[in-house]
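Worksheet: the structure to be examined is printed underneath.
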Amino acid sequence: MLNFIKDYKDDEQYRESFNTLACKVFGVTFESWYRQGFWGDSYNPYSY
Numbered sequence: 036m037l038n039f040i041k042d043y044k045d046d047e048q049y050r051e052s053f054n055t056l057a058c059k060v061f062g063v064t065f066e067s068w069y070r071q072g073f074w075g076d077s078y079n080p081y082s083y
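Going letter by letter, the sequence shown gives residues 36 to 83 in the numbering used here.
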């Protein structure tokens, strides 16, 4: 069964998974951006 999750930037496990996917697909990671406080509330990721 698929689970719909959203706004998980502060959940380390989901954020790591998001960054792994972004790196594999686009060659980028957002972890340093997050740690420097640039990932605000205006971007909320959604995933299954």
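We treat Cβ as the ideally placed atom computed from N, Cα and C, and that holds for glycine. All of these numbers come straight from a predicted model, not from anything done at the bench.
Do N54 and F39 count as a contact pair if the criterion is CB distance below 7 Å?
Contact flag unset, no.
So what does K41 bridge to, in DSSP terms?
Paired residues: Y81.
How far does the alpha helix (DSSP H) with Q48 in it extend, from its first residue to its last?
Residues 47-61.
Nearer than 6 Å: is that true of the beta carbon of Y83 relative to any heavy atom of the ligand SAH?
Ligands in the displayed structure: none, and consequently the ligand SAH is not present.
Using the C-alpha atoms, what's the distance from E51 back to S67?
It is roughly 12 Å from the alpha-carbon of S67 to the alpha-carbon of E51.
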